[in-house]
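Note sheet for the following structure.
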Amino acid sequence: MTNQPRIPRPTIDPEAVLTHLHAARSRPTPAAVWTAIADVPALLAEIERLADLLSRTRWDFADLLAAAQATIAADYDGEAEPLSYLRDAITEHRPWPMPDDGQPDA
Numbered sequence: 001m002t003n004q005p006r007i008p009r010p011t012i013d014p015e016a017v018l019t020h021l022h023a024a025r026s027r028p029t030p031a032a033v034w035t036a037i038a039d040v041p042a043l044l045a046e047i048e049r050l051a052d053l054l055s056r057t058r059w060d061f062a063d064l065l066a067a068a069q070a071t072i073a074a075d076y077d078g079e080a081e082p083l084s085y086l087r088d089a090i091t092e093h094r095p096w097p098m099p100d101d102g103q104p105d106a
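Counting in the UniProt record's numbering, the sequence shown runs from 1 upward without gaps.
Right under this line is the structure:
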């Protein structure tokens, strides 16, 4: 295949979040604590985004596995075009959305 795999990039900077957390724990000034607390909505959004990606990945895998099993069964049964199940699954596959982080994919 000529397409490079698209690896979802984190939408947060874990190092910055850890720095904020360590600052709030070592010197709990109001500014340090509020800075650490301000990271919570971004972390929750990232958890939701990753859960959505995991769900999509599981559905894609299940669809491809079902197509592979149907292909094997069709070949065993002597169907004329057993690969049609895989072809249909690949044709119906929706591409993943392009990342919008402004960075080229690795």
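Where is the CB? At the ideal position from N, CA and C, for every residue including glycine.
Please read all numbers here as calculations on a predicted model, not as lab measurements.
Taken through DSSP and simplified to helix, strand or coil, D75 comes out as helix. If you check the CB distance, A42 and V33 do not come in under 7 Å. Secondary structure at T11: coil, using DSSP grouped into helix, strand and coil. An exposed status is given to A68, since fewer than 16 other beta-carbon atoms sit within 10 Å of its beta-carbon. For T91, the enclosing alpha helix (DSSP H) has its first and last residue at S84 to E92.
Assignment of A32 by DSSP, reduced to helix, strand and coil, places it in the helix class.
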